[in-house]
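Protein chains: 2
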Amino acid sequence: MTIRACDLGGTRLKIGVVRDGIVLAQTVEPANSKQGLAPQLPVLKAAWLRLLGELKLTWRDCAGIGVAFPSLIDADTGRVLAQYGKFADAMGLDLRAWAKDELGLPLAIENDARMALIGEWRAGAGRGVDDLVMMTIGTGLGVGVLIQGRLLRGKHGQAGVLGGHTTVRYGGRECNCGNVGCAEAEASTAFLCELAACLPEWDHSSLRRLATLNYALAVNLIHAYDPEMVILGGGIMASAEVILPAVRAHVARHAHTPWGKVRVVAGELGDRAALLAGEWLVQEQFPNTR
Amino acid sequence: MTIRACDLGGTRLKIGVVRDGIVLAQTVEPANSKQGLAPQLPVLKAAWLRLLGELKLTWRDCAGIGVAFPSLIDADTGRVLAQYGKFADAMGLDLRAWAKDELGLPLAIENDARMALIGEWRAGAGRGVDDLVMMTIGTGLGVGVLIQGRLLRGKHGQAGVLGGHTTVRYGGRECNCGNVGCAEAEASTAFLCELAACLPEWDHSSLRRLATLNYALAVNLIHAYDPEMVILGGGIMASAEVILPAVRAHVARHAHTPWGKVRVVAGELGDRAALLAGEWLVQEQFPNTR
Chain L
844 MTIRACDLGG
854 TRLKIGVVRD
864 GIVLAQTVEP
874 ANSKQGLAPQ
884 LPVLKAAWLR
894 LLGELKLTWR
904 DCAGIGVAFP
914 SLIDADTGRV
924 LAQYGKFADA
934 MGLDLRAWAK
944 DELGLPLAIE
954 NDARMALIGE
964 WRAGAGRGVD
974 DLVMMTIGTG
984 LGVGVLIQGR
994 LLRGKHGQAG
1004 VLGGHTTVRY
1014 GGRECNCGNV
1024 GCAEAEASTA
1034 FLCELAACLP
1044 EWDHSSLRRL
1054 ATLNYALAVN
1064 LIHAYDPEMV
1074 ILGGGIMASA
1084 EVILPAVRAH
1094 VARHAHTPWG
1104 KVRVVAGELG
1114 DRAALLAGEW
1124 LVQEQFPNTR
Chain E
844 MTIRACDLGG
854 TRLKIGVVRD
864 GIVLAQTVEP
874 ANSKQGLAPQ
884 LPVLKAAWLR
894 LLGELKLTWR
904 DCAGIGVAFP
914 SLIDADTGRV
924 LAQYGKFADA
934 MGLDLRAWAK
944 DELGLPLAIE
954 NDARMALIGE
964 WRAGAGRGVD
974 DLVMMTIGTG
984 LGVGVLIQGR
994 LLRGKHGQAG
1004 VLGGHTTVRY
1014 GGRECNCGNV
1024 GCAEAEASTA
1034 FLCELAACLP
1044 EWDHSSLRRL
1054 ATLNYALAVN
1064 LIHAYDPEMV
1074 ILGGGIMASA
1084 EVILPAVRAH
1094 VARHAHTPWG
1104 KVRVVAGELG
1114 DRAALLAGEW
1124 LVQEQFPNTR
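Heads up: the protein sequence lines correspond to chains L and E, in order. First residue of the first sequence: 844, per our numbering; consecutive thereafter. First residue of the second sequence: 844, per our numbering; consecutive thereafter.
Okay, structure coming up:
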């Protein structure tokens, strides 16, 4: 099955054409997310047309559109359920109607961290493993969860993906979400950079202490969701050779898993994970597409 | 359907006969849990016989046995998966074989905090709500989770029930489970009493500070599992009139739930919750029982 895919980040729109677990072509556009999503829809359309042209495919070759979006999503209705400053107009847009009217295709949308998990599960580090947690540590801290082969979504689309918004440091920093001492507020790269900027005496030991909050979060997620494997992804994995052994050691010491040992691995697909996930999502949401 | 039910706590064995969502009769025996479970099995058998006699029922009137147990459980096989000092021999016992040979009945077993949730869901405060988190705060801190009408268990029986073992205070106390700063280590009554004993200057403000870690855990569980309702149970609910408003205020302020408001309520069934759950569990595990 061939689909159009996009991963709408706060700073970059990643746009691709995917077939049978392979990204056939992809491109990147600036997101201008402060201006909303509506002005970017023609950008997506044009980019897909260009990519399809390069591949000598037409719109008729596509079965659907898979979208990864940085918010809470109702995958069944295709609606965006919350807004966090990026693409603030998205809650009011009917993306399915746009895709049908403008592109003649069904559109499936899901939270971006959940999409990264789906991609790694179907085509990356989590292939063949049906109990997975993925932490995407970048500007924010996204989590996706798969339990016994079922994607964890919850009634309001919040289950799993808010993993970065659990208190790991009681009495800690206030987070954008309203909670206090969240892993995202304490240890995502956005906050690390913000802290580094306001602390001239910033040093490596402080950075290391904050990084360990991510390790604490990994243990919390293992205790919460009972996975066989934790996949780490996002910008922080540029330092995978430092972080992976540290997380593994922390998990081995502190996670309570009498059944055995949780594997901790790096994601394999990088930015492509959320694009590749679109194929699974279109099939899940529109089982009658070819 | 009539079943024999028991809730095997570290200090008390709660034993009952349940039919159609009602505890027909119940009794309590000392657990002597340090001596293991095997010596208590004849105690259970005798207590059920006595209760059935009082009810003018015979073993033939019973369809099965439902057991709540303070450990990780594989509900599908009926095996105990870990031991925590209480009933240390239980991992080596075949309880299903015992029930069949000694009592001629199928036996279903599940984690006690999960059983408390099931009881409140089927017959108590959570009736009609299919997205529930229950925190049972007593000697330990047990959690049970229901998502879209499905009990959250995980591949190794750990999902949800280890909710008390997530770090809420980074750099905090070491917990029995191996983790650090767990809610259970920081805020269960066992640790509160231990702390109170070693701190002569123990005062109400310290107690209050520790109690608020339970409120932080409530928010963490809402973020992790996306419930519509949080049910609080356990010994701590003797102070429900203090705790409920405090948890509600903390959740209203700190939980990120753009869909609406999570209800925070007290469990209605107390000790009976886990007994009543046995009926649902027997039906789930042995769907052909009458």
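Even for Gly, the Cβ is constructed at its ideal location relative to N, Cα and C.
- Neighbour flag for E/P1070 against chain L, beta carbons, 9 Å: Counting from 1 along the second sequence, the entry for residue 1070 of chain E is found at position 227. It does: the Cβ of E/P1070 has a partner Cβ on chain L nearer than 9 Å.
- Message: Since L/M1072 and L/V1105 should fall inside the 8 Å C-beta cutoff, what is the C-beta to C-beta distance between them, to a whole number of angstroms?
- Response: On the first sequence, position 229 is the one that residue 1072 of chain L refers to. On the first sequence, position 262 is the one that residue 1105 of chain L refers to. So it is a contact: roughly 7 Å between Cβ atoms.
- Message: So if DSSP puts L/K899 in a beta bridge, which residue, or which two residues, is it bridged to?
- Response: Along the first sequence, read from residue 1 onward, the residue named residue 899 of chain L stands at position 56. DSSP output for L/K899 lists no bridge partner at all.
- In this structure, does DSSP put L/T795 in helix, strand or coil? No statement about residue 795 of chain L is possible, as the shown extent of chain L runs from 844 to 1133 and does not include it.
- Straight-line CA distance for E/G1103 to L/L898? What you label residue 1103 of chain E is simply residue 260 of the second sequence in a count that begins at 1. What you label residue 898 of chain L is simply residue 55 of the first sequence in a count that begins at 1. One C-alpha to the other measures close to 46 Å.
- Item | E/A848 versus E/R855, E/T854, E/V866, residue with shortest Cα-Cα distance | Locating residue 848 of chain E in the second sequence gives position 5, where the first residue counts as 1. Checked all of E/R855, E/T854, E/V866; the closest Cα to E/A848 is E/V866.
- Exposed or buried, which one is L/D919 when buried takes at least 16 other CB atoms within 10 Å? Position 76 of the first sequence, counted from the first residue, corresponds to residue 919 of chain L. Exposed, because fewer than 16 other Cβ atoms sit within 10 Å of the Cβ of L/D919.
- Could you please give the first and the last residue of the uninterrupted alpha helix (DSSP H) stretch that includes E/I1086? Start at 1 with the first residue of the second sequence, and residue 1086 of chain E comes out as number 243. For E/I1086, the enclosing alpha helix (DSSP H) covers residues 1083 to 1097.
- Proximal chain E residues relative to L/K998, where beta-carbon distance stays under 9 Å: For the purposes of this step, residue 998 of chain L is taken as residue 155 along the first sequence, with counting starting at 1. Correct list: D973, D974, I990, Q991, D1069, P1070, E1071, W1102.
- Task: For L/E963, count neighbouring Cβ atoms within 10 angstroms of its own Cβ and tell me buried if that reaches 16, exposed if not.
- Result: Here residue 963 of chain L corresponds to residue number 120 of the first sequence, with the count starting at 1. With 16 or more Cβ atoms within 10 Å of its Cβ, L/E963 is classed as buried.
- For E/P1130, write down the residues that DSSP places opposite it in a beta bridge. Start at 1 with the first residue of the second sequence, and residue 1130 of chain E comes out as number 287. DSSP output for E/P1130 lists no bridge partner at all.
- Item | alpha helix (DSSP H) segment containing E/I961, residue limits | Translated into positions along the second sequence, residue 961 of chain E becomes position 118. Per DSSP, E/I961 belongs to the alpha helix (DSSP H) from 955 to 966.
- Leaving out five residues before and five after E/L1056 in sequence, what residues of the same chain have Cβ atoms less than 8 Å from its Cβ? On the second sequence, position 213 is the one that residue 1056 of chain E refers to. Correct list, in chain order: V1011, R1012, A1026, E1029, A1030.
- C-beta neighbour in chain L for E/L1056, strict 9 Å: The residue you call residue 1056 of chain E lines up with position 213 of the second sequence. True, the Cβ-Cβ gap to chain L drops below 9 Å.
- Message: For the structure I just gave you, are there three or more beta carbon pairs, one from the stretch 869 to 881 of chain L and one from the stretch 960 to 980 of chain L, closer than 8 Å?
- Response: no
- Item | Extent of the continuous beta strand (DSSP E) run through L/L856 | What you label residue 856 of chain L is simply residue 13 of the first sequence in a count that begins at 1. DSSP places L/L856 inside the beta strand (DSSP E), whose first and last residues are 855 to 862.
- Contained beta strand (DSSP E) runs [length at least 3] in the stretch 922 to 955 of chain E, N- to C-terminal order: 950 to 954
- Using a Cβ cut-off of 7 Å, which residues of the stretch 1006 to 1028 of chain E contact any Cβ in chain L, in chain order? G1006, H1008, T1009, T1010, V1011, R1012, Y1013, C1020, G1021, N1022, V1023
- Query: Mind checking whether E/G987 and E/R957 have CB atoms under 9 Å apart?
  - Reply: Translated into positions along the second sequence, residue 987 of chain E becomes position 144. Translated into positions along the second sequence, residue 957 of chain E becomes position 114. Contact: yes.
- Could you please give me the residues that DSSP links to L/L975 through a beta bridge? Your numbering for residue 975 of chain L matches position 132 in the first sequence. Residue pairing from DSSP places L/L975 in a beta bridge opposite L/L989, L/M1072.
- Task: Might you give, ordered along the chain, the residues of its own chain that have their beta carbon closer than 6 Å to the beta carbon of L/L894, omitting 5 neighbours on each side?
- Result: To locate residue 894 of chain L, count along the first sequence from 1; it is residue 51. V860, A868, listed in sequence order.
- Thinking C-alpha only, which one of L/E872, L/T845, L/I846 is nearest L/R855? Here the question's residue 855 of chain L lines up with position 12 in the first sequence. Checked all of L/E872, L/T845, L/I846; the closest Cα to L/R855 is L/E872.
- Ordered along the chain, which non-local residues of its own chain (more than five positions away) have a Cβ less than 6 Å from that of L/A1059? Position 216 of the first sequence, counted from the first residue, corresponds to residue 1059 of chain L. Leaving aside the five residues that flank L/A1059 on each side, the residues in its chain whose CB is nearer than 6 Å to its CB run, in chain order, V1011.
- Item | Rounded C-alpha distance that separates L/E953 from L/L1118 | Stepping through the first sequence from its first residue, residue 953 of chain L is reached at position 110. Stepping through the first sequence from its first residue, residue 1118 of chain L is reached at position 275. Their Cα atoms are separated by approximately 11 Å.
- Would you list, in chain order, the members of the stretch 1074 to 1107 of chain E that have their beta-carbon closer than 9 Å to a beta-carbon of chain L? Flagged, chain order: R1096, H1097, A1098, H1099, T1100, P1101, W1102, G1103.
- Message: If contacts are defined as beta-carbon pairs under 8 Å, then L/N1022 and E/H1097 qualify, I think. What distance do you get, rounded to the angstrom?
- Response: In the first sequence, residue 1022 of chain L corresponds to position 179, counting from 1. In the second sequence, residue 1097 of chain E corresponds to position 254, counting from 1. That belief holds up - the Cβ atoms of L/N1022 and E/H1097 are roughly 5 Å apart, short of 8 Å.
- Alpha carbon of L/I916 to alpha carbon of L/G928, nearest angstrom: Residue numbering aside, residue 916 of chain L sits at position 73 when the first sequence is read from its first letter. Residue numbering aside, residue 928 of chain L sits at position 85 when the first sequence is read from its first letter. If you take the alpha carbons of L/I916 and L/G928, they lie about 15 Å apart.
- Any Cβ of chain E within less than 9 Å of the Cβ of L/A1059? Indexing the first sequence from 1 puts residue 1059 of chain L at position 216. Taking Cβ atoms only, chain E reaches closer than 9 Å to L/A1059, which makes this a yes.
- Give a yes or no on whether the minimum CB-CB distance between L/V1062 and chain E is below 9 Å. Taking the first sequence and counting its residues from 1, the one referred to as residue 1062 of chain L is at position 219. Yes - at least one Cβ of chain E is within 9 Å of the one on L/V1062.
- Task: Count the other CB atoms, across all protein chains shown, that sit within 10 Å of the CB of L/S1082; report buried if there are 16 or more and exposed otherwise.
- Result: Against the first sequence, residue 1082 of chain L aligns to sequence position 239. With fewer than 16 Cβ atoms within 10 Å of its Cβ, L/S1082 is classed as exposed.
- C-beta contact flag for E/L1064 and E/V1108 at 9 Å: Position 221 of the second sequence, counted from the first residue, corresponds to residue 1064 of chain E. Position 265 of the second sequence, counted from the first residue, corresponds to residue 1108 of chain E. No.
- Query: In chain order, what residues of the same chain lie with their CB nearer than 7 Å to the CB of L/Q1128, ignoring the 5 residues before and after it?
  - Reply: Counting from one through the first sequence, the residue named residue 1128 of chain L turns up at place 285. Excluding residues within five positions, the ones whose Cβ falls inside 7 Å are A918, A951.
- Message: Applying the 10 Å Cβ sphere with the 16-neighbour rule, what's the burial state of E/G1006?
- Response: Residue numbering aside, residue 1006 of chain E sits at position 163 when the second sequence is read from its first letter. By the 10 Å Cβ count, E/G1006 comes out buried.
- Query: Bridge partners of L/R1012, per DSSP?
  - Reply: Taking the first residue of the first sequence as position 1, residue 1012 of chain L is located at position 169. Bridge partners of L/R1012: E/R1012.
- For the candidate residues E/L938, E/F912, E/G1024, E/R939, whose alpha-carbon lies nearest to that of E/Q926? Within the second sequence, residue 926 of chain E is the residue found at index 83, counting from 1. Ranking E/L938, E/F912, E/G1024, E/R939 by Cα distance to E/Q926 puts E/F912 first.
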